[in-house]
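Take a look at the structure set out below.
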Amino acid sequence: MDPVMVATLGLALGLAGGLAGSSIGTAKAASAGLRVLAEEPAFFRQVIILAALPMTQTFYGFIFALLGTTTVLPSIHGLTSLKVGAFLGVGIAVFCAEFASAWMQGEVCMSGILELPKTKGGIWVHTLILASYVELFGILGLVFGYLMLIIIAGLPI
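The sequence shown begins at 1120 in our numbering and counts up one residue at a time.
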(Lines of atoms letter the chains of each structure in order from A and count residues from 1; the text may use other names and numbers.)
(Lines give C-alpha, C1' and ligand atoms only; values in the text may rest on other atoms or scores of the structure.)
Protein backbone atom coordinates (compact mmCIF):
# COMPACT_ATOMS: atom_id res chain seq x y z
CA MET A 1 0.00 0.00 0.00
CA ASP A 2 1.19 3.51 -0.81
CA PRO A 3 2.82 5.12 2.28
CA VAL A 4 1.43 8.58 1.49
CA MET A 5 -2.07 7.13 1.29
CA VAL A 6 -1.73 5.44 4.69
CA ALA A 7 -0.32 8.60 6.27
CA THR A 8 -3.16 10.62 4.75
CA LEU A 9 -5.63 8.10 6.15
CA GLY A 10 -4.19 8.79 9.59
CA LEU A 11 -4.79 12.51 9.07
CA ALA A 12 -8.33 11.89 7.84
CA LEU A 13 -9.09 9.95 11.02
CA GLY A 14 -8.80 13.20 13.01
CA LEU A 15 -11.53 14.72 10.89
CA ALA A 16 -13.64 11.56 11.08
CA GLY A 17 -13.52 11.61 14.88
CA GLY A 18 -14.71 15.20 14.95
CA LEU A 19 -17.50 14.51 12.48
CA ALA A 20 -18.77 11.41 14.25
CA GLY A 21 -18.52 12.84 17.76
CA SER A 22 -20.08 16.16 16.77
CA SER A 23 -22.97 14.36 15.10
CA ILE A 24 -23.70 12.32 18.21
CA GLY A 25 -23.17 15.17 20.67
CA THR A 26 -25.26 17.63 18.70
CA ALA A 27 -28.05 15.09 18.22
CA LYS A 28 -28.20 14.39 21.96
CA ALA A 29 -28.29 18.07 22.88
CA ALA A 30 -30.74 18.99 20.11
CA SER A 31 -33.09 16.15 21.07
CA ALA A 32 -33.16 17.41 24.62
CA GLY A 33 -33.70 20.90 23.26
CA LEU A 34 -36.81 19.82 21.38
CA ARG A 35 -38.31 18.40 24.57
CA VAL A 36 -37.64 21.63 26.42
CA LEU A 37 -38.85 23.88 23.60
CA ALA A 38 -42.11 21.94 23.35
CA GLU A 39 -42.86 23.09 26.89
CA GLU A 40 -40.93 26.37 27.09
CA PRO A 41 -40.29 28.06 23.69
CA ALA A 42 -38.73 31.05 25.47
CA PHE A 43 -35.50 29.07 25.94
CA PHE A 44 -34.84 28.90 22.19
CA ARG A 45 -31.69 31.05 22.29
CA GLN A 46 -30.10 29.05 25.10
CA VAL A 47 -31.02 25.73 23.48
CA ILE A 48 -29.59 26.74 20.09
CA ILE A 49 -26.27 27.79 21.60
CA LEU A 50 -25.91 24.72 23.83
CA ALA A 51 -26.92 22.31 21.06
CA ALA A 52 -24.35 23.86 18.70
CA LEU A 53 -21.36 23.54 21.05
CA PRO A 54 -20.39 19.95 20.12
CA MET A 55 -19.97 20.99 16.48
CA THR A 56 -16.63 22.66 17.16
CA GLN A 57 -14.71 19.38 17.33
CA THR A 58 -15.45 18.91 13.63
CA PHE A 59 -13.50 22.11 12.99
CA TYR A 60 -10.60 20.89 15.14
CA GLY A 61 -10.49 17.61 13.22
CA PHE A 62 -10.62 19.53 9.93
CA ILE A 63 -7.79 21.86 10.97
CA PHE A 64 -5.68 18.85 12.01
CA ALA A 65 -6.26 17.09 8.68
CA LEU A 66 -5.75 20.27 6.65
CA LEU A 67 -2.49 21.27 8.34
CA GLY A 68 -1.21 17.71 8.17
CA THR A 69 -1.91 17.27 4.48
CA THR A 70 -0.87 20.74 3.32
CA THR A 71 2.15 21.57 5.50
CA VAL A 72 3.55 18.53 7.33
CA LEU A 73 3.12 15.59 4.96
CA PRO A 74 4.54 17.35 1.86
CA SER A 75 7.64 18.41 3.81
CA ILE A 76 8.68 14.85 4.71
CA HIS A 77 11.55 13.53 2.62
CA GLY A 78 11.72 9.76 2.68
CA LEU A 79 8.45 8.67 4.23
CA THR A 80 9.52 5.57 6.15
CA SER A 81 7.17 2.88 7.41
CA LEU A 82 7.91 4.06 10.96
CA LYS A 83 6.76 7.58 10.13
CA VAL A 84 3.70 6.25 8.31
CA GLY A 85 2.78 4.18 11.36
CA ALA A 86 3.33 7.19 13.61
CA PHE A 87 1.04 9.33 11.43
CA LEU A 88 -1.60 6.61 11.64
CA GLY A 89 -1.19 6.38 15.42
CA VAL A 90 -1.46 10.13 15.89
CA GLY A 91 -4.54 10.16 13.67
CA ILE A 92 -6.14 7.50 15.84
CA ALA A 93 -5.33 9.51 18.98
CA VAL A 94 -6.84 12.68 17.49
CA PHE A 95 -9.87 10.65 16.37
CA CYS A 96 -10.40 9.50 19.97
CA ALA A 97 -9.90 12.98 21.43
CA GLU A 98 -12.32 14.71 19.04
CA PHE A 99 -14.88 11.91 19.15
CA ALA A 100 -14.99 11.65 22.94
CA SER A 101 -14.85 15.40 23.49
CA ALA A 102 -17.77 16.12 21.16
CA TRP A 103 -19.90 13.23 22.41
CA MET A 104 -19.37 14.05 26.08
CA GLN A 105 -19.85 17.76 25.48
CA GLY A 106 -23.20 16.86 23.95
CA GLU A 107 -24.04 14.94 27.13
CA VAL A 108 -23.18 17.95 29.31
CA CYS A 109 -25.18 20.29 27.07
CA MET A 110 -28.12 17.85 27.05
CA SER A 111 -28.16 17.79 30.84
CA GLY A 112 -28.03 21.58 31.01
CA ILE A 113 -30.80 21.97 28.44
CA LEU A 114 -33.06 19.61 30.35
CA GLU A 115 -32.56 21.69 33.51
CA LEU A 116 -33.35 25.04 31.89
CA PRO A 117 -37.08 25.01 32.76
CA LYS A 118 -36.49 23.89 36.37
CA THR A 119 -33.97 26.68 36.95
CA LYS A 120 -35.79 29.29 34.86
CA GLY A 121 -32.67 29.51 32.69
CA GLY A 122 -30.32 29.97 35.62
CA ILE A 123 -28.28 26.88 34.74
CA TRP A 124 -27.39 28.18 31.26
CA VAL A 125 -24.11 29.97 32.09
CA HIS A 126 -23.03 27.13 34.37
CA THR A 127 -23.64 24.68 31.54
CA LEU A 128 -21.56 26.80 29.15
CA ILE A 129 -18.67 26.79 31.62
CA LEU A 130 -18.84 23.06 32.31
CA ALA A 131 -19.17 22.28 28.59
CA SER A 132 -16.03 24.35 27.95
CA TYR A 133 -14.08 21.98 30.20
CA VAL A 134 -14.97 19.11 27.90
CA GLU A 135 -14.21 21.30 24.87
CA LEU A 136 -10.64 21.69 26.10
CA PHE A 137 -9.89 18.04 25.34
CA GLY A 138 -10.84 18.58 21.70
CA ILE A 139 -8.53 21.60 21.53
CA LEU A 140 -5.72 19.63 23.18
CA GLY A 141 -6.28 16.77 20.72
CA LEU A 142 -5.74 19.18 17.83
CA VAL A 143 -2.72 20.92 19.33
CA PHE A 144 -0.93 17.82 20.62
CA GLY A 145 -1.72 15.91 17.43
CA TYR A 146 -0.31 18.65 15.23
CA LEU A 147 2.80 18.99 17.41
CA MET A 148 3.35 15.24 17.16
CA LEU A 149 3.10 15.41 13.36
CA ILE A 150 5.73 18.16 13.30
CA ILE A 151 8.05 16.10 15.52
CA ILE A 152 7.52 12.96 13.43
CA ALA A 153 8.29 14.92 10.26
CA GLY A 154 11.47 16.29 11.82
CA LEU A 155 10.36 19.89 11.31
CA PRO A 156 11.34 22.70 13.68
CA ILE A 157 8.68 23.56 16.24
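By construction, the Cβ of each residue, glycine as well, lies at the ideal position given by its N, Cα and C atoms. Everything numeric in this text was worked out from a predicted model, so none of it was measured.
Item: Check whether G1144 and G1264 have beta carbons under 8 Å apart; Value: no
Item: Close-in-space but distant-in-sequence residues of the same chain around G1133 (CB under 7 Å, 5 per side omitted); Value: G1180, F1183, A1184, G1210, V1213, F1214, E1217, G1264
Item: CB-CB length for Q1176 against G1257, believed under 8 Å; Value: 4 Å
Item: Rounded C-alpha distance that separates T1189 from T1127; Value: 10 Å
Item: Nearest to K1237 (by Cα), restricted to the options E1158, A1139, I1270, M1124; Value: E1158
Item: Short Cβ contact (8 Å threshold) for L1169 with I1270; Value: no
Item: C-alpha distance - L1198 paired with M1120, whole-angstrom precision; Value: 13 Å
Item: Beta-carbon separation (whole angstroms), G1187 vs L1259, contact threshold 8 Å; Value: Actually they are not in contact, since the Cβ atoms of G1187 and L1259 sit about 16 Å apart, beyond 8 Å.
Item: L1266 and I1276 closer than 8 Å at C-beta; Value: yes
Item: Neighbourhood of G1152 by C-beta, 6 Å cutoff - its chain only, sequence neighbours within 5 removed; Value: V1166, A1170, I1232
Item: DSSP-derived helix/strand/coil call for H1196; Value: coil
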